[in-house]
Amino acid sequence: MGKILVLYDTLTACTGQMAEYVAEGAKSVPGTSVRLLSVEDPDAVEAVLWADGLAVGTPTNLGGVSWKMKKFWDDFAAENWDRCDGKFGMVFSSVGSAGGGAELACMSMQIVLQNFGWLTTGVTDYVDRLHSAHYGGWVVKKPRNDYDRAVCRRTGMRLAEWVAVFVDGDSSMHPLLRSKPSAFDSRKTPAENKPDPMLAEKLSPSADTEKQLMKTPGPRCFLHVTIQVPEEAEEKFLPLIKELTVWTLREVGCITYSFARDAENPRLFYVHEQYINDTALTEHHMKSEYFNRIVPQFEALGCKTENVVKSFAAY
Ligand SMILES: Cc1cc2nc3c(=O)[nH]c(=O)nc-3n(C[C@H](O)[C@H](O)[C@H](O)COP(=O)(O)O)c2cc1C
1 MGKILVLYDT
11 LTACTGQMAE
21 YVAEGAKSVP
31 GTSVRLLSVE
41 DPDAVEAVLW
51 ADGLAVGTPT
61 NLGGVSWKMK
71 KFWDDFAAEN
81 WDRCDGKFGM
91 VFSSVGSAGG
101 GAELACMSMQ
111 IVLQNFGWLT
121 TGVTDYVDRL
131 HSAHYGGWVV
141 KKPRNDYDRA
151 VCRRTGMRLA
161 EWVAVFVDGD
171 SSMHPLLRSK
181 PSAFDSRKTP
191 AENKPDPMLA
201 EKLSPSADTE
211 KQLMKTPGPR
221 CFLHVTIQVP
231 EEAEEKFLPL
241 IKELTVWTLR
251 EVGCITYSFA
261 RDAENPRLFY
271 VHEQYINDTA
281 LTEHHMKSEY
291 FNRIVPQFEA
301 LGCKTENVVK
311 SFAAY
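Counted from 1, the sequence shown has number 160 at position 160 by the UniProt record's numbering; the numbering is strictly sequential.
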């Protein structure tokens, strides 16, 4: 069971209100136990030591952490400085205005946590096209609209997910499998962006897949493909090959998959692929949903595969 503490300081209840939504987000991850405490609560020190994941909210004060929050950590350090290594941390802040230093306050808060050994991170998702929490969630004053609330909830949810994956060992809670919008369309909901089964395999390869690949311990397999792309097809071709690259790199058996344009002829593209063995190429990559969906589209666009060279590692 993941244990999350949302700890906040607040003068005019803005960060306090953010904290409630952060806690709500953490609770949305099944099996997570969440506590929400002010930094002035007498149980705060005990709760910090209890938690596997800590979301800390500070108002942005003079571009940094509020004095009460800073004092809490100064005092905490005296007896507990070496008791928190390896816990997960996220931060959030309420600020007087956009541009008033919220990200600086978030980074200052992260630095304090890192000093204790917390593993801090941000949230890479966009909650919509214009709002994200890359360095910690922040909102101007109180969270007053759907985007503000989503930023707070996403911060808490992501923290709880990392705790579920890395503390509780539940890889099905990995954000790429459950909550992070697809890299290809960040406006889609998680439900619309069904994770590819091969991605699930990459994050937690099933024993069957590994056995199957290892059963044929072959030499590493290389593939060099040359593709001629008509100028008018390039706009549609590039996102497709990019999608194919992203999925392929997540395959258990893929070592490299890169895509390049010829230095002199802009119509020529090369794909350099390397797999742990032939089975990884022929039985996994070439039978994947995305390979069979995307590659036929190249032909329909008028792209011509000029040359395919398959080879095996010589030593
Ligand atoms: C001492 C102090 C310093 C502040 N410094 C900043 C600042 O540097 N930039 C800013 O945009 N707002 C600043 N503010 C405004 C607060 O960040 C803002 O009102 C925030 O929403 C307060 O959150 P709270 O109600 O959780 O305390 C400051 C407020 C105080 C009291």
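Note that beta-carbon positions come from the ideal geometry of N, C-alpha and C, so glycine has one too.
{"Check": "Pull every residue with its beta-carbon under 5 Å away from any heavy atom of ligand 1, and keep them in chain order.", "Outcome": "T10, L11, T12, C14, T15, P59, T60, N61, L62, G63, S94, V95, G96, S97, G100, G101 and K141"}
{"Check": "Write down every uninterrupted run of the beta strand (DSSP E) in the region 127-177 whose length is 3 residues or greater and which is fully enclosed by it, in chain order.", "Outcome": "131-133 and 137-140"}
{"Check": "Would you report the Cα separation of D311 and P296, rounded to the nearest angstrom?", "Outcome": "A quick correction: the sequence has Ser, not Asp, at residue 311. Distance between the alpha carbons of S311 and P296 is about 23 Å."}
{"Check": "So, does the region 33-40 touch the region 166-182, judging by three or more C-beta pairs under 8 Å?", "Outcome": "no"}
{"Check": "Quick one: Cα of G2 to Cα of S132, how far?", "Outcome": "24 Å"}
{"Check": "Please determine, among V252, L177, C221 and I255, the residue with the shortest C-alpha to C-alpha distance to A313.", "Outcome": "C221"}
{"Check": "Rounded to the nearest angstrom, what separates A13 and S171 at their Cα positions?", "Outcome": "36 Å"}
{"Check": "Decide yes or no for the touch test of the region 147-161 against the region 72-82: beta carbon pairs closer than 8 Å, at least 3 of them.", "Outcome": "no"}
{"Check": "By alpha-carbon positions, which one of V271, D262, G53 and Y315 ends up nearest to A23?", "Outcome": "G53"}
{"Check": "Using the DSSP secondary-structure output, state which residues sit across from E273 in a beta bridge.", "Outcome": "L223 and Y257"}
{"Check": "Evaluate the contact criterion for the region 274-285 versus the region 227-237: three or more CB pairs, one atom per stretch, below 8 Å.", "Outcome": "no"}
{"Check": "Does DSSP put E283 in a helix, in a strand, or in coil?", "Outcome": "helix"}
{"Check": "Using the three-state DSSP reduction, which class does Y315 fall into: helix, strand or coil?", "Outcome": "coil"}
{"Check": "Buried or exposed for R158, please, with buried defined as at least 16 other CB atoms from any protein chain shown within 10 angstroms of its CB.", "Outcome": "buried"}
{"Check": "Ordered along the chain, which non-local residues of its own chain (more than five positions away) have a Cβ less than 6 Å from that of I227?", "Outcome": "F269, C303 and T305"}
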